[in-house]
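Reviewing the structure listed below.
Residue numbers (UniProt numbering): 1 to 142.
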């Protein structure tokens with residue numbers, strides 16, 4: 001059961017990577033850059049490098065480098081809020097819209113491949129199980 005579970009996690013990651021690769025190649029961006037664009041688009045309110053590091057588990061050095069590249073490519077910009085001069089917020093430029101749209105389409109295709117033969121009830125059960133797994137993982141270090 002354990003080895004099967006770990007193997008399936010690996011397969012899921014590989015399948016997701018394959019779906020994202022088409023977008024990465026089409027727009028000549030790096031995978032982490034795509035991940036950051038999609039994170040910012042899909043998670044309103046989570047718009048700092050720290051949010052990306054903690055919620056996506058991407059290394060600080062990768063986030064820093066990728067953010068700099070995205071700024072240089074004119075896909076994102078930064079600003080500081082009036083009351084909080086330390087925290088730098090990341091925002092998307094409209095030039096990122098096409099990349100984000102294709103990235104979301106790739107995510108949707110990936111999801112549909114995963115749940116292809118599932119009933120609605122099975123999808124709901126899967127969502128409940130993932131919530132429990134998420135809860136367990138968040139409490140694992142406590």
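Cβ coordinates follow ideal geometry from the N, Cα and C atoms, glycine included.
All values reported here derive from a predicted model rather than from experimental measurement.
Cβ contact check for the stretch 116-131 and the stretch 54-73: 3 or more pairs under 8 angstroms: As far as the Cβ criterion goes, the stretch 116-131 does not touch the stretch 54-73, which means the pair count is below three.
Beta-carbon spacing of residue 103, residue 37 below 9 angstroms: Here residue 103 refers to the residue found at position 103 of the chain shown. Here residue 37 refers to the residue found at position 37 of the chain shown. The Cβ-Cβ distance between residue 103 and residue 37 falls below 9 angstroms.
Cβ-Cβ distance between residue 97 and residue 89 below 9 angstroms: For this step, residue 97 is matched to residue 97 along the chain shown. For this step, residue 89 is matched to residue 89 along the chain shown. No, these two residues do not count as a Cβ contact at 9 angstroms.
Separation of residue 19 from residue 107, as counted between CA atoms: Reading the chain shown from its first residue, position 107 is the one you call residue 107. Reading the chain shown from its first residue, position 19 is the one you call residue 19. A direct Cα-Cα distance of roughly 7 angstroms separates residue 107 from residue 19.
Where residue 86 falls, given that 16 or more other Cβ within 10 Å makes a residue buried: Within the chain shown, residue 86 is the residue found at index 86, counting from 1. Exposed, because fewer than 16 other Cβ atoms sit within 10 Å of the Cβ of residue 86.
Inter-residue spacing [alpha-carbon to alpha-carbon] between residue 3 and residue 141: By 1-based counting over the chain shown, the position of residue 3 is 3. By 1-based counting over the chain shown, the position of residue 141 is 141. Roughly 22 angstroms between the two C-alpha positions.
Which of helix, strand or coil DSSP assigns to residue 97: In the chain shown, residue 97 corresponds to position 97, counting from 1. Shown here, residue 97 sits in a helix according to DSSP, grouped into three states.
Alpha-carbon spacing of residue 5 relative to residue 11, whole angstroms: What you label residue 5 is simply residue 5 of the chain shown in a count that begins at 1. What you label residue 11 is simply residue 11 of the chain shown in a count that begins at 1. The alpha-carbon separation between residue 5 and residue 11 amounts to approximately 10 angstroms.
Closest Cα partner of residue 138 within the set 31, 54, 23: Counted from its first residue, the chain shown places residue 138 at position 138. Closest by alpha carbon: 54.
Endpoints, the alpha helix (DSSP H) within which residue 129 is located: Counted from its first residue, the chain shown places residue 129 at position 129. Its alpha helix (DSSP H) spans residues 120-139.
Residue closest to residue 93, alpha-carbon to alpha-carbon, out of 59, 41, 30: As a position in the chain shown, residue 93 is number 93, starting the count at 1. Considering only alpha carbons, the answer is 41.
Reference residue 110, options 7, 22, 99, closest by Cα: Taking the chain shown and counting its residues from 1, one reaches residue 110 at position 110. Among 7, 22, 99, the Cα nearest to that of residue 110 belongs to 22.
Backbone secondary structure at residue 90 - three-state DSSP: Residue 90 sits at position 90 when you count from the first residue of the chain shown. Residue 90 falls in the strand class under three-state DSSP.
Supposed close pair residue 70, residue 33 - CB separation, criterion 8 angstroms: Taking the first residue of the chain shown as position 1, residue 70 is located at position 70. Taking the first residue of the chain shown as position 1, residue 33 is located at position 33. Indeed they touch by this definition, with Cβ atoms about 6 angstroms apart.
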